[in-house]
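With the first letter of the sequence shown counted as 1, position 131 gets the number 131 in this note's numbering; the numbers rise by one all the way through. Ideal Cβ placement from N, Cα and C applies to all residues, glycine included. Model, not experiment: these values are computed from the prediction. Below you'll find the structure, written out as structure tokens, and then a few comments.
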Amino acid sequence: MYVVTDDASKEVLPATGESVGADNVIQGMDLVYSQTKSGMKDAFLTLNTGEKIQSPQFFKLSLNQLRSLNKAISRKVKGSGNYWRAVRELARLYRKVANQRRDWHFKLATDLCRRFDLIATETLNLKGMKRLWGRKVSDLAFYQFVEILKFKSLKHNREFRQVGQWTPTTKLCSDCGHPNENLSLSDRQWTCRKCGSHHDRDINAAINILWAACDPVVETV
Ligand SMILES: [Zn+2]
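In structure tokens, the structure reads:
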């Protein structure tokens, strides 16, 4: 994946006094590869403000097209004229989806830079996630987004921080800091046993990411 860096001229944006923590959900990160039903309803990015940013609808439409093209190819006689026509069509569609996604990543990164002086996310542990989810890692799209966000932050004079992958951000209650050791991957909402706070899993993680990014003790990269 390529990020255009030849136009690195600074376009400093006015300070907003706002900071944001952003949590990314691994499932459904890349709608081209992730075909799980549960992935579809997860946001691409959850902000500590409570905002959930969904992947655009056109990814889903393209995904359906990709599926039906793949099916069509499997029905054709391998090596025939029709077969190669369908293969070329599939390659074209993949390129189109990749370009659309990249454009959307740029727009989203610009939007975040306009709104926030400091943007914090988690580092990605691709190998660990592969093990955890036991299937093809579908978050290469998110990796691309992070690279674009880094580039944009530099351009617009924003601070971009990534919290280390070993920093607990999901299980800790963002109100009292109590860890919820029983939290499982399927728990989208939970209530803290200690202080009774009710949490949306991803918003809670986004708040913890922002806190960790602002904590001088926590190692950021
Ligand atoms: Zn609590």
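DSSP places Asn-24 within a strand segment (E or B) once states are collapsed to three.
If you draw a 10 Å sphere on the C-beta of Gly-196, you find fewer than 16 other C-beta atoms in it, and that means exposed. In this structure, Asp-175 has its beta carbon less than 8 Å from a heavy atom of ligand 1.
Distance from the Cα of Ala-120 is smallest, within the candidate group Leu-47, Ala-72, Gly-81, Asn-64, for Leu-47. Separation of Arg-95 and Lys-150 (C-alpha to C-alpha, rounded to the nearest whole angstrom) is 24 Å.
Within the model, the alpha-carbon separation for Lys-10 versus Phe-160 is close to 15 Å. Sequence-distant Cβ neighbours of Val-12 in its own chain, meaning closer than 6 Å and more than five residues away, are Asn-157. Within the same chain, Arg-115, Phe-116, Asp-117 come within 7 Å of Glu-18 by CB-CB distance, once the 5 residues on both sides are set aside. Put simply, of Ser-62, Lys-194, Thr-169, Leu-183 the residue whose alpha carbon is nearest the alpha carbon of Asp-215 is Thr-169.
Burial is judged here by how many other beta carbons sit within 10 angstroms of a residue's own beta carbon; Ser-186 has fewer than 16 and is exposed. When the beta-carbon positions are compared, Gln-165 and Thr-123 come within less than 9 Å of each other.
The nearest non-hydrogen atom of ligand 1 is less than 8 Å from the C-beta of Lys-194. With respect to the C-alpha of Phe-106, the residue from Ile-73, Leu-61, Val-20, Gln-144 having the closest C-alpha is Gln-144. When the alpha-carbon of Gln-54 is set against those of His-178, Ala-22, Ala-72, Ser-80, the nearest one is in Ala-22. Here the alpha carbon of Lys-78 sits roughly 34 Å from the alpha carbon of Phe-142.
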